[in-house]
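**Q** Questions regarding the structure given below will be posed in turn.
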Amino acid sequence: MLPLLDDAYSLAKWLSQNPTDAEDIVQDAALRALQALSGVSVDRPKPWFLAIVRNAAMTFMARNRRKTVSYAGDMADLDALDLRQGDDRAPDPEQELIAYEDGERLRQAIAGLPSPFLETLVMRDINGLSYREIAEATESPVGTVMSRLARARSAVAKAMKTNP
Amino acid sequence: MTDPSSDDRILKLNAAVDGELDAAHWLELEREMRDDPALAAQYRLIASTREAIHRHAPREAAPRALVERIAALAEPAKVRRPFWTGARTLALAASIAAVAFAAGVSLMALRTPGASDAAAQRLVADFARAEIAGQPFDVASSDRHTVKPWLAAHATISAEIADLAQEGFTLEGGRIAIVDRVPAPTLVYRKREHLIAVTELPATMAGSRGAGAIETVDGFHVARWSDANLSYVAVSDIDENELAAFAEAFRAAQKPAGESPAR
Chain U
0 MLPLLDDAYS LAKWLSQNPT DAEDIVQDAA LRALQALSGV SVDRPKPWFL AIVRNAAMTF
60 MARNRRKTVS YAGDMADLDA LDLRQGDDRA PDPEQELIAY EDGERLRQAI AGLPSPFLET
120 LVMRDINGLS YREIAEATES PVGTVMSRLA RARSAVAKAM KTNP
Chain C
0 MTDPSSDDRI LKLNAAVDGE LDAAHWLELE REMRDDPALA AQYRLIASTR EAIHRHAPRE
60 AAPRALVERI AALAEPAKVR RPFWTGARTL ALAASIAAVA FAAGVSLMAL RTPGASDAAA
120 QRLVADFARA EIAGQPFDVA SSDRHTVKPW LAAHATISAE IADLAQEGFT LEGGRIAIVD
180 RVPAPTLVYR KREHLIAVTE LPATMAGSRG AGAIETVDGF HVARWSDANL SYVAVSDIDE
240 NELAAFAEAF RAAQKPAGES PAR
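The structure is reproduced here in structure tokens:
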């Protein structure tokens, strides 16, 4: 479990958006994992443990009212989103490069994603899970994972494009 | 988005960027992109978004204190059997025996490889990591009465804290090291720009008194010694003679105190 703590902490921090909460979440997840581990072997520890972290984060957020984890309400916003990044004209690569230099804005754009999209993006791009592993960890079909990921990236790209 | 098939194409582009597309689909997509510059542009945009996320939102290292808390949770649990304390004590005793043996005899050729080396190696790695991370202690205080209770709350043995300010070694704080699955109190002293980390481990071997020679592990100096109650491992980047002087001063400061450590 120890080698997975960086991944666990990163995921928890993105989901809670608070470093102290993230520590509590990871510690709670570690306890749950240790309890679950007695007597069973886990084939793929990473998605397994990150699923526990994700669930611990949801419990934590619900209990501490840090942020509304409202899946149903949030979904609508991004479902309405045009999946294509940018307009119909071919994007100007130069302009993209400049916008993507703004790390703070990019991180804010990620942080602003509704939870299901945020967790999918973080599990893929930060934790490096495969689609199947994300599906397993979030208990969603692969198609949903793909759709959320595409929408999350599209939303981030849009946020980077909009003039502040 | 009016064309419903277009949504699927975007999903496919993302899958391509993520390396989740098999060769047949890749081939198909390459053809499509060749015929449709807008699609190719979409692909580049998704790839650059992903790249920017990687660059600006990298995976973060879990805070050291968290890792150690969890290590402390996890390790006893792993060896937990009806006699888990026994198992832990045995492992510890083995390592202490090796440390004490090495300190007493101080002959490289005779030193048992294994537990003692692993402990020193572990403490050196700990020291290097703390230095690099710029976070050499979990509790920062030059006040023994602040550091001691903090360490006591986090470790199973109570730390002996020597006041060495007069000798030029100022107490900077404390942290917990995990040695052989046991959280061990570690004191951090400073001399000029150098830090010295002293980790205290329970000693169970009699006759292991006497200053150990200074060893070099991965470029750091390591001094080990023990008294009736505890074994000490000091790791530092300070030079050999100064570390020996530190060990000497620490031992000397312990003697009159006569405070027996609680278990």
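If you're matching them up, the sequences are chains U and C in order.
Taking numbering that gives the first Met the number 0, the leading residue of the first sequence gets 0, the next gets one more, and so forth.
Taking numbering that gives the first Met the number 0, the leading residue of the second sequence gets 0, the next gets one more, and so forth.
The C-beta atom is built at its ideal place from N, Cα and C for all residues, glycine as well.
Model, not experiment: these values are computed from the prediction.
Kindly indicate the opening and closing residues of the alpha helix (DSSP H) around L38 (chain C).
**A** 36-55
**Q** What's the gap between the Cα of L148 (chain U) and the Cα of E199 (chain C)?
**A** 49 Å
**Q** Return helix, strand or coil for G111 (chain U), following the three-state DSSP convention.
**A** coil
**Q** Mind listing the chain C neighbours of R123 (chain U)? Cutoff is C-beta to C-beta under 8 Å, in chain order.
**A** Going along chain C in sequence order, the residues near R123 (chain U) (Cβ under 8 Å) are D17.
**Q** Check for me: the beta strand (DSSP E) holding Y188 (chain C) runs from which residue to which?
**A** 181-190
**Q** Are three or more beta carbon pairs between the region 97-115 of chain U and the region 149-160 of chain U nearer than 8 Å?
**A** yes
**Q** Tell me the DSSP bridge mates of F168 (chain C)?
**A** Per DSSP, none; premise fails for F168 (chain C).
**Q** Within its chain, find whatever has a CB closer than 8 Å to the CB of R101 (chain U); leave out the 5 residues flanking it on each side and keep chain order.
**A** The displayed chain sequence assigns Asp, not Arg, to residue 101 (chain U). Cβ within range, chain order: M159.
**Q** Which value, in whole angstroms, describes the spacing of the CA atoms of R131 (chain U) and V141 (chain U)?
**A** 6 Å
**Q** Taking only the alpha-carbon atoms, compute the straight-line gap between L26 (chain C) and S9 (chain U) and give it to the nearest angstrom.
**A** 35 Å
**Q** Give the interface partners of A156 (chain U) over in chain C, defined as CB-CB distance under 7 Å, in chain order.
**A** L44, T48
**Q** For P184 (chain C), count neighbouring C-beta atoms within 10 Å of its own C-beta (all shown protein chains included) and say buried if the count is 16 or more, exposed if not.
**A** buried
**Q** Hey, how far is the Cα of D42 (chain U) from the Cα of A32 (chain U)?
**A** 14 Å
**Q** Does the CB of I9 (chain C) have a neighbour CB from chain U at under 7 Å?
**A** yes
**Q** Please determine, among C:A158, C:S225, C:E29, C:V16, the residue with the shortest C-alpha to C-alpha distance to R123 (chain U).
**A** The shortest C-alpha separation from R123 (chain U) is found at C:V16.
**Q** Starting from E214 (chain C) and walking both ways along the beta strand (DSSP E), at which residues does that stretch end?
**A** Going by DSSP, E214 (chain C) is part of the beta strand (DSSP E) stretching over 214-216.
**Q** What's the gap between the Cα of L168 (chain U) and the Cα of H220 (chain C)?
**A** No answer is possible for residue 168 (chain U): it lies beyond the span of chain U, which begins at 0 and ends at 163.
**Q** Check the Cβ-Cβ distances between A136 (chain U) and every residue of chain C, and say whether any is below 7 Å.
**A** no
**Q** Along chain C, which residues have their Cβ under 9 Å away from the Cβ of E22 (chain U)?
**A** A61, P62, A64, L65, R68
**Q** So, is T169 (chain C) buried or exposed, given that buried needs 16 or more other C-beta atoms within 10 angstroms?
**A** Classification for T169 (chain C): exposed.
**Q** What does S139 (chain U) touch in chain C if you count any residue whose Cβ is under 7 Å from its own?
**A** Per Cβ cutoff of 7 Å: no residues; S139 (chain U) is ~14 Å from chain C at best.
**Q** Can you name, in chain order, every residue of its own chain whose Cβ lies under 7 Å from the Cβ of S139 (chain U), other than the five neighbours on each side?
**A** none
**Q** What's the gap between the Cα of G127 (chain U) and the Cα of L49 (chain U)?
**A** 11 Å
**Q** Helix, strand or coil for R58 (chain C) per DSSP?
**A** coil
**Q** If you draw a straight line from the C-alpha of K190 (chain C) to the C-alpha of A154 (chain C), how long is it?
**A** Computed Cα separation, rounded: 26 Å.
**Q** Is the CB of S9 (chain U) under 7 Å away from at least one CB in chain C?
**A** yes
**Q** Tell me where the beta strand (DSSP E) around A196 (chain C) begins and ends.
**A** 193-201
**Q** If you measure between the beta carbons of F126 (chain C) and A196 (chain C), is that distance less than 7 Å?
**A** Taking 7 Å as the Cβ cut-off, F126 (chain C) and A196 (chain C) qualify as a contacting pair.
**Q** In chain order, what residues of the same chain lie with their CB nearer than 6 Å to the CB of Q16 (chain U), ignoring the 5 residues before and after it?
**A** A110
**Q** Determine whether the Cβ of G102 (chain U) lies closer than 7 Å to any Cβ atom of chain C.
**A** yes
**Q** Nearer than 6 Å: is that true of the beta carbon of A251 (chain C) relative to any heavy atom of the ligand GTP?
**A** Here there are no bound small molecules, and the ligand GTP is not part of this structure.
**Q** Please report the distance separating the alpha-carbon of Q26 (chain U) from that of W47 (chain U).
**A** For the pair Q26 (chain U) and W47 (chain U), the Cα-to-Cα distance works out to about 15 Å.
**Q** Are the Cβ atoms of L14 (chain U) and A56 (chain U) separated by less than 7 Å?
**A** It is a contact, given that the beta carbons lie within the stated cut-off.
**Q** Can you tell me the Cα-Cα spacing of R106 (chain U) and V181 (chain C), whole angstroms?
**A** Going from the Cα of R106 (chain U) to the Cα of V181 (chain C) covers about 38 Å.
**Q** Measure the C-alpha to C-alpha separation of A102 (chain C) and D142 (chain C) and round it to an integer number of angstroms.
**A** For A102 (chain C), the predicted model reports a pLDDT of 40, less than 50, meaning its position is unreliable; a value from the coordinates is still stated below. Between the alpha carbons of A102 (chain C) and D142 (chain C) lies a distance of about 30 Å.
**Q** Assuming the contact rule is C-beta atoms closer than 8 Å, V138 (chain C) and G172 (chain C) should be a hit. Round their C-beta distance to whole Å, please.
**A** The C-beta distance from V138 (chain C) to G172 (chain C) rounds to 5 Å, short enough to meet the 8 Å contact threshold.
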